[in-house]
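Using our numbering, read the sequence shown as starting at 58 and increasing by one per residue. Each remark here refers to the structure printed beneath this line.
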Amino acid sequence: MKEIFTEILSASRTLQAPVSVAYLGPEASFTHAAAQSHFGRSTLFSPQPTIFDVFKQVERKKADWGVVPVENSLEGTVKQALAQCQAWLRKNLPQCSLNETESTAKAAQKVLEDSEGAAIGSNNAASLYGLNIISEGIEDRSSNVTRFLVIGRGKRKRTGSDKTSIFFATRHTPGALYDSLKPFAKKEINLVKIESWLTLWNFESTSSGM
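Rendered as structure tokens:
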């Protein structure tokens, strides 16, 4: 029922003014499927080679919205499909050579060039590229969920079940992260995920602490 209403709203928006959505491509990727599920198939979709390009399209007003994968409930920050199907691969294809690609849809494209190859991907990708489905439901956990972000230039109203992401940098000193997280504890705000990223720092400013 939800899908029907989504398609009706999608067609209605298209009649009023075409809505453009950039997503991490290529076509038939899981991000493409997520974008179609959210906006409906009547929307104008534009596949992008990288997540950065999706943000750039929205920022430069070449797309109204963008859709990008952000987190997987099994593997954390989104990784390749191989990591989510390790148990099945070890049991059924222990001798096979595993090769990562930019996306599952890209893997499906490569199978067209290799008659002895196979790809992990969606039913949409198999249908689009005319591939036979050998096995379904091969993920290690059936409850595995990938979270996607819909990005845009405007602000959205709070729903009451929102998640907030904050990016910040700390000084390269002992206790800097602890000091940054103390306010969350004082306000009794639960953090569901903390992730560190390497940044380029000024060696001159940190050399005194070495």
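Don't be surprised by glycine CBs; every beta carbon is placed ideally from N, CA and C. Bear in mind the structure is a predicted one, so any value in this text is a computation, not a measurement.
Query                                                                                                           : Result
Skipping 5 residues on each side, what residues in its chain have a beta carbon closer than 8 Å to that of T88? : Y80, L81, G82, V124, V125, P126, S160 and F205
By alpha-carbon positions, which one of L185, N189, G178 and E157 ends up nearest to S172?                      : N189
So for K250, helix, strand or coil by DSSP?                                                                     : coil
What separation, rounded to the nearest whole angstrom, lies between the Cα atoms of E196 and D219?             : 27 Å
Can you tell me which residues form a DSSP beta bridge with W122?                                               : V78 and G209
Cβ atoms of A92 and L185: under 8 Å apart, would you say?                                                       : no
Of the choices K244, L255 and V115, whose alpha-carbon is the least far from that of F224?                      : L255
Express the C-alpha separation of K250 and V168 in angstroms, rounding to a whole number.                       : 36 Å
Indicate the three-state DSSP secondary structure (helix, strand or coil) for E116 in the structure shown.      : helix
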